[in-house]
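> No gaps in the numbering here: position 29 of the sequence shown is 29 in the numbering used here, and each next residue is one more. Cβ coordinates follow ideal geometry from the N, Cα and C atoms, glycine included. The model shown is predicted, which means the values in this text are computed figures rather than measured ones.
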Amino acid sequence: MTMYQFLLYLTGWPLALLLLCGGVYFTVRLKFPQFRLFVESIRVVSEKPVSADASISSFGALMISTASRVGTGNIIGVSNAICVGGPGAVFWMWVTAILGGASAFVESTLAQIYKKRSSDGISYGGPAYYIEEALHSRALAIVFSLALITCYGVGYNMLASYNLQSAFSGFAFYQSKPGVVPAVFGLVVSVITLYCLIGGGQRIVKVTEILVPGMGILYVLLSLMALTINIGNVPGMFGMIFADAFNFRAIFGGFMGSCLMLGFKRGLYSNEAGIGSAPNAAAAADVSHPVKQGLVQMLSVFIDTLLLCTATAFMVLCSGVTPSEDIAGAPFVQQALLKTFGTIGPVFIAVAMLLFAFTTLLGNFYYIENCFAYLLRRQPSKRFMNTVRVIGAVLIFLGAIIEMSLAWNIADICQCILAIINIPVCVILGGVAFRSLDDYIEQKRAGKNPVFHAKNVGVTEHTDYWQ
1 MTMYQFLLYL TGWPLALLLL CGGVYFTVRL KFPQFRLFVE SIRVVSEKPV
51 SADASISSFG ALMISTASRV GTGNIIGVSN AICVGGPGAV FWMWVTAILG
101 GASAFVESTL AQIYKKRSSD GISYGGPAYY IEEALHSRAL AIVFSLALIT
151 CYGVGYNMLA SYNLQSAFSG FAFYQSKPGV VPAVFGLVVS VITLYCLIGG
201 GQRIVKVTEI LVPGMGILYV LLSLMALTIN IGNVPGMFGM IFADAFNFRA
251 IFGGFMGSCL MLGFKRGLYS NEAGIGSAPN AAAAADVSHP VKQGLVQMLS
301 VFIDTLLLCT ATAFMVLCSG VTPSEDIAGA PFVQQALLKT FGTIGPVFIA
351 VAMLLFAFTT LLGNFYYIEN CFAYLLRRQP SKRFMNTVRV IGAVLIFLGA
401 IIEMSLAWNI ADICQCILAI INIPVCVILG GVAFRSLDDY IEQKRAGKNP
451 VFHAKNVGVT EHTDYWQ
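1) Check whether the region 386-404 and the region 101-110 touch, using three or more Cβ-Cβ pairs below 8 Å as the test.
2) In three-state terms, what does DSSP make of Ser-176?
3) Taking only heavy atoms of the ligand ATP into account, decide whether any of them is closer than 8 Å to the Cβ of Ala-357.
4) Under 8 Å by Cβ, that's how I've got Val-291 and Ala-61 pegged, so tell me the actual separation to the nearest angstrom.
5) Please list the terminal residues of the continuous alpha helix (DSSP H) segment that includes Glu-132.
6) Quick check: the Cα distance between Ala-328 and Ser-405, rounded to an integer number of angstroms?
7) Does DSSP put Phe-255 in a helix, a strand or coil?
8) Tell me the rounded alpha-carbon separation between Cys-21 and Ala-245.
9) Nearest by alpha-carbon distance to Phe-314: which of Pro-127, Ala-89 and Phe-356 is it?
10) Name the two residues that bound the continuous alpha helix (DSSP H) containing Glu-442.
11) Rounding to the nearest angstrom, what Cα-Cα distance links Leu-437 and Trp-408 in this structure?
12) What's the call for Asp-120, buried or exposed, on a 16-neighbour Cβ count within 10 Å?
13) Counting Cβ pairs closer than 8 Å, one from the region 74-87 and one from the region 328-340, do we hit at least three?
14) In whole angstroms, what separates the C-alpha of Ile-468 from that of Gly-101?
15) Does Tyr-156 come out as helix, strand or coil in the three-state DSSP assignment?
16) Would the region 171-186 and the region 438-452 be scored as touching if the rule is three or more Cβ pairs under 8 Å?
17) Going by the beta-carbon positions, is the gap between Gln-112 and Met-298 smaller than 9 Å?
18) Reducing DSSP to helix, strand and coil, say where Arg-36 ends up.
19) Give the single residue among Gly-392, Phe-185, Gly-153 and Ala-243 whose Cα lies nearest to the Cα of Cys-414.
20) For Tyr-9, does the three-state DSSP call read helix, strand or coil?
21) Per DSSP, what kind of secondary structure is Tyr-4 in: helix, strand or coil?
22) What three-state label does DSSP hand Lys-116 in the structure shown?
23) Round the Cβ separation of Pro-346 and Leu-337 to the nearest angstrom and send it over; I've been treating them as touching at under 8 Å.
24) Quick one: is Val-191 buried, meaning 16 or more other Cβ sit within 10 Å of its Cβ, or exposed?
Structure representation (structure tokens):
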């Protein structure tokens with residue numbers, strides 16, 4: 001078995017088992033926060049920053065993390081899972097999101113507790129920081145940072161670029177020059193992304209705060225229209241999802257390509273819960289208590305999977321178009337929307353893919369910059385980051401012209417490595433997050449706006465905040 005084959009093997013049942021066990025453990029220990037604190041998670045999103053000069057609010061941090069989560073995986077990933085694994089993959093995506101919400105809460109709360117203060121008073125952090133500060137292992141933190149840079153700079157960015165150009169495969173101009181159009185798309189997207197990124201982190205925040213809510217709302221509305229038009233197919237759609245989800249003979253007979261496995265893998269690719277990406281955005285938010293960002297990032301997982309991935313699943317499954325491996329990815333979505341909305345359907349999905357891919361690329365580079373800041377122990381120079389962005393733009397271009405299977409395999413392997421590091425770390429440090437939630441709830445019951453002090457939850461390490 002080669003190293004590549006071994007890594008692909010890890011993306012199968014080992015990853016599924018890790019996600020399940022981690023999600024169940026955090027859910028039980030936190031007493032099902034996905035349900036009992038859902039309303040509170042919505043409330044804290046609207047809170048203003050604690051400091052008047054803070055750069056990023058809770059809402060801003062939510063938009064950064066959601067920009068990365070909400071991407072081509074919400075359309076192409078869902079389509080791929082249904083076509084290859086069956087309609088039951090949708091159910092297992094839901095399971096991944098519900099359990100992943102608890103994982104997202106823990107990792108983001110820890111990132112807030114152990115975040116750092118820059119020379120200009122801005123906060124930053126992520127898994128690398130709580131791995132070093134709480135576990136006292138800089139070596140493991142370096143490995144994690146390098147893995148995240150590879151995952152987002154190579155795996156996710158190349159896959160987003162591939163998925164974007166494939167969304168136009170059903171149009172005549174694409175089919176007339178199938179060897180040229182992907183390269184043109186890759187070049188255009190890489191140049192536009194690079195131009196936006198030259199503005200730095202603040203431009204990323206401003207762009208994503210505008211694009212993410214708008215495109216998300218429009219996409220959900222389109223899904224509701226599709227359900228209304230195809231209302232007669234809705235009962236059968238739910239029947240397909242649940243019947244296929246619990247067809248255990250089919251699941252365990254071909255486990256790697258089953259609805260359960262594809263649901264887990266594509267659900268993780270879409271919502272990223274537990275792999276340590278969103279904590280980089282969570283640490284940047286200015287809040288009075290770390291739990292507030294834990295709740296906000298838990299909500300981001302729900303927005304991504306339970307709302308937007310479900311929107312895609314319902315649109316394609318209620319259309320009456322039969323999913324198959326031959327039309328996996330963009331073609332299945334295009335055919336489904338063509339049948340429901342006519343010629344305007346494929347045009348809309350192509351535009352949606354353009355926006356989804358663009359915000360994904362911007363959010364990904366935010367995480368990459370944060371990891372380089374950790375590795376260098378300072379904010380990277382403008383020249384250094386511009387060099388990184390140029391390399392990233394080249395990879396975006398290459399992603400548009402590679403094979404689909406290679407694009408997915410690279411992304412699966414990268415996210416698997418991150419989960420293998422981050423989830424066990426969160427289990428080890430989870431007690432801090434559990435006690436923080438208890439502290440938060442106790443203050444809420446006393447009628448206070450919760451304010452955090454590290455010593456109250458047993459944190460003995462020095463923190464730049466919370467002393």
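This is what the structure holds:
1) Fewer than three beta-carbon pairs drawn from the region 386-404 and the region 101-110 are found closer than 8 Å, and the two stretches are therefore not classed as touching.
2) helix
3) The model depicted lacks the ligand ATP and carries no ligand whatsoever.
4) About 14 Å; that fails the 8 Å criterion.
5) Note, Glu-132: alpha helix (DSSP H), 127-135.
6) 11 Å
7) Since pLDDT at Phe-255 reaches only 43, below the 50 mark, its modelled position is unreliable, and no value is offered.
8) 19 Å
9) Ranking Pro-127, Ala-89 and Phe-356 by Cα distance to Phe-314 puts Ala-89 first.
10) 404-445
11) 36 Å
12) exposed
13) yes
14) The question about residue 468 has no answer here: the residues shown for the chain are numbered 1 through 467.
15) The answer is helix: DSSP assigns Tyr-156 an H, G or I state.
16) Counting Cβ pairs under 8 Å, fewer than three are found: no touch.
17) no
18) Helix, per DSSP.
19) Gly-153
20) helix
21) helix
22) strand
23) 6 Å
24) Of the residues assessed, Val-191 falls on the exposed side of the cut-off, its CB having fewer than 16 other CB atoms within 10 angstroms.
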